[in-house]
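From first to last, the protein sequence lines are chains A and B. Counting in the working numbering, the first sequence runs from 1 upward without gaps. Counting in the working numbering, the second sequence runs from 1001 upward without gaps. To start, the structure under review is shown below, and the notes come after it.
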Amino acid sequence: MVMIFGIPLQAFLGQLLIGLINGSFYALLSLGLAVIFGLLRVINFAHGAQYMLGAFVAMLLLQYFGINYWFALVLGPLIVGLFGALIERTMLSRLYKLDPLYGLLFTFGLALTIEGTFRYLYGAAGQPYSVPSQLAGGTNLGFMFLPIYRGWVVVVSLVACIGTWLLIEKTKLGSYLRAATENPVLVQAFGVNVPMLLTFTYGLGAALAAFAGVLAAPIYQVSPLMGSNIIIVVFAVVVVGGMGSIMGAILTGYMLGIAEGLTKVFYPEASNIVIFVIMAIVLLLRPAGLFGRDA
Amino acid sequence: MTDLTQSTVKRHPERSTTASVTYAAFLIAGLAFLVVAPAFFYPIFLMKLLCFALFACAFNLLLGYTGLLSFGHATFFGGAAYFTAHAVKEWGFPPELGVLTGVVGAALLGLVMGYVAIRRQGIYFAMITLALSQMFFFFCLQAEFTQGEDGIQSVPRGHLFGFIDLNQSSNMYYFVLAVFLIGMVVIWRFINSPFGMILKSIRENEARATSLGYSVARYKLGAFVMSAALAGLAGGLKALVFQFATLTDVAWQMSGEVILMTLLGGIGTLIGPIFGAGLVVTLQNYLATSEFPVTIITGVVFMVCVLVFRRGIIGEFYASRLGRKLGFEHRR
């Protein structure tokens, strides 16, 4: 049997894959956080709840309307995105003039409300969501066994990340967004509807979170608590990456996911906290974060 | 120049006489209430309330007077509960030393967390404290001395100074009350000291405080440790009151709860968090028997407070017509 650092290669690659999967979710979620923060200056605490909502929407669509995974992958983000846009329009937009901390507290309250409601309605236990039949099963790569769905998640989230990056860096809409980040008043003076842009951005961020949620539904169980478990880790990812750059958020997400996976191989006891430890070290050495511009 | 300064100072007295009289009246009424309260309410409920009130006031020291939003105060509260419970149960410490162990432990945790977290400001500070406190949560989940999911059970209350039996609930109540009052005096003294004034100046304008030559980072760290130690005092007490220490007290929900108490009562007011804590604890007690989850109500109250009620109960009262007539002024 092939060994690597005294660990069977199979186990090593298996954990690496799990790390890559987790990393995909971290990347998608921290990307959404960074997009929202870039324009709105709000840390979206409800991001975890929106991720959970995505998974629940997929499950409920299947249960009540028989709508399958593929449509849920589109409808989930759409529904949650619209819900996010509604929240932004009616409530969050009133807080922009205040200290950014109020935005954090508001979205924290929102997260508690959403989570509490789903817990009340569906209980704390997780519910299964089966892998779509087209992606069921696995393939033997020769050196390891790869469940097809997991490979799909890695590829799709990478595509979504790059797509969002292209949207923001290379399109006209993206240039409006970036300009509004720098100077909203001036952009408004040029005739761009900045409040609408803000609503769109929050909706986009929420939709990204929901997209990750739908992707996650067949891997993890659909549970009201799945959001709050992941959001704190994603905060640490965002602190490490610094929210200055979109690409930074994506890269840090994958890096830390893999670091977490590898820790599971070598020192499983620390796998829960390794990301936080990395965060502390990065803060001590480079307070602005790896890709951060703002000190 | 000196004349000008002096006259300016005279024109802005620290507090009017009306306010002083009102403060004294409220203080006496509040104290009288707390002394006779055990005759009317369930003592455990009152003690829980006092512990959380002290916790919220300690938290407010940081948020209200330094402008730092910590999302990790459960670490100090719950950590101290563990330390106190362990010291009293396993090492056989008397209660006063047990609580002191909790305070010192919480202060040390505060020193470490503060040292890392003050490197970033504002929103980042909140996220970092949250992440570090989650790390502590996982530590407590796995460490041996916390006994994992079970927590430290049946912690003995012991005899205060060797002769006051704290197993009697009235003795325990007055012990908690005394510690609470000591904690409040410390907080009051702290925020009215030169140190506290500098903290307020950092809250108002950090760049200017730096340019005036104050080592902002050190002051922030000092405030953080102080707040952690006082939160630890509350946590240690709570461990003795309930005779257990569990993971609930170190979980992030607890950090959220203390923020809510402070926000609800009034950020940056000395007594606001006491009222906020009272309201939240009462609500929890009331809902404990019903099916309806507290989280939903907590969440909605959070949203409503942030949207339309940012001054909190006491802040609104100070800013109201009656409040101003009584001589209070609303700052911030």
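Note that CB positions come from ideal geometry on N, CA and C, so glycine has one too.
- Taking a Cβ-Cβ threshold of 7 Å, the residues of chain B close to Gly-116 of chain A are Pro-1293, Thr-1295, Ile-1296, Gly-1299, in chain order.
- Under the 8 Å Cβ criterion, the segment 204-222 of chain A counts as touching the segment 22-38 of chain A, having at least three qualifying pairs.
- CA-CA distance, Arg-94 of chain A to Leu-1307 of chain B, rounds to 7 Å.
- Put simply, the backbone Cα of Glu-269 of chain A is about 22 Å away from that of Val-240 of chain A.
- In this structure Ala-1231 of chain B is in contact with Phe-1077 of chain B, their Cβ atoms being roughly 5 Å apart against a cut-off of 8 Å.
- A residue is called buried once 16 or more other Cβ atoms fall within 10 Å of its Cβ, and Trp-1091 of chain B, having fewer, is exposed.
- At a cut-off of 8 Å between beta carbons, Gly-138 of chain A makes no contact with chain B.
- What Leu-1307 of chain B touches in chain A, judged by beta-carbon distance under 8 Å, is Met-91, Arg-94, Leu-95, Phe-106, going in chain order.
- Under the Cβ criterion (8 Å, minimum of three pairs), the segment 222-234 of chain A does not count as touching the segment 77-96 of chain A.
- Below the 7 Å Cβ cutoff, chain A contributes Ile-232, Phe-235, Ala-236, Val-239, Phe-276, Met-279 as neighbours of Ala-1131 of chain B, in chain order.
- Under the three-state reduction of DSSP, His-47 of chain A is assigned to helix.
- Under DSSP, the beta-bridge partners assigned to Asp-1165 of chain B are B:His-1159.
- Each of B:Met-1113, B:Ser-1227, B:Thr-1017, B:Arg-1119 was checked against the Cα of Arg-286 of chain A, and the nearest Cα belongs to B:Arg-1119.
- With fewer than 16 other Cβ atoms inside 10 Å of its own Cβ, Met-1197 of chain B counts as exposed.
- Only Glu-269, Asn-272, Ile-273 from the segment 259-273 of chain A bring a Cβ to less than 7 Å from some Cβ of chain B.
- Not one beta carbon of chain B lies nearer than 8 Å to the beta carbon of Ile-246 of chain A.
- Note that the C-beta distance between Ile-1297 of chain B and Leu-1279 of chain B is not below 8 Å.
- Cβ contact annotation for Phe-1302 of chain B (same chain, cutoff 7 Å, sequence separation greater than five): Leu-1260, in chain order.
- Taking C-alpha positions only, Val-1216 of chain B is separated from Lys-264 of chain A by approximately 40 Å.
- Taking a beta-carbon distance threshold of 8 Å, Leu-251 of chain A does not count as an interface residue toward chain B.
- Residue contact check for Gly-1256 of chain B against chain A: a CB pair falls below 8 Å.
- DSSP, reduced to helix, strand and coil, places Ala-1245 of chain B within a strand of the structure shown.
- Residues of the segment 1260-1285 of chain B whose Cβ lies closer than 9 Å to any Cβ of chain A, in chain order: Leu-1260, Leu-1263.
- Around the Cβ of Leu-1130 of chain B, a 10 Å sphere holds 16 or more other Cβ atoms; the residue is buried.
- Using a C-beta cut-off of 8 Å, the segment 1025-1045 of chain B makes contact with the segment 1172-1186 of chain B, since at least three inter-stretch Cβ pairs fall below that distance.
- Rounded to the nearest whole angstrom, the CA to CA distance from Met-1127 of chain B to His-47 of chain A is 13 Å.
- Within chain B, Arg-1119, Arg-1120 have C-beta atoms less than 8 Å from the C-beta of Pro-287 of chain A, given in sequence order.
- Between Phe-1138 of chain B and Asn-272 of chain A, the C-beta gap is smaller than 8 Å, which places the two residues in contact.
- In this structure the segment 1236-1247 of chain B does not touch the segment 1218-1226 of chain B; the number of beta carbon pairs closer than 8 Å is below three.
- Within chain A, Val-239 have C-beta atoms less than 8 Å from the C-beta of Tyr-1124 of chain B, given in sequence order.
- Secondary structure note for Pro-1194 of chain B: it is in no beta strand (DSSP E), and the uninterrupted alpha helix (DSSP H) holding it is 1194-1204.
- Residue-level contact by beta carbon holds for Phe-1139 of chain B and chain A, with a gap shorter than 8 Å.
- Residue burial is scored here from C-beta neighbours: Thr-1289 of chain B has fewer than 16 other C-beta atoms within 10 angstroms and is therefore classed as exposed.
- 8 Å or more divides the Cβ of Gly-257 of chain A from the Cβ of Gly-54 of chain A.
- Using beta-carbon distances, Leu-1069 of chain B counts as an interface residue toward chain A, with a partner under 8 Å.
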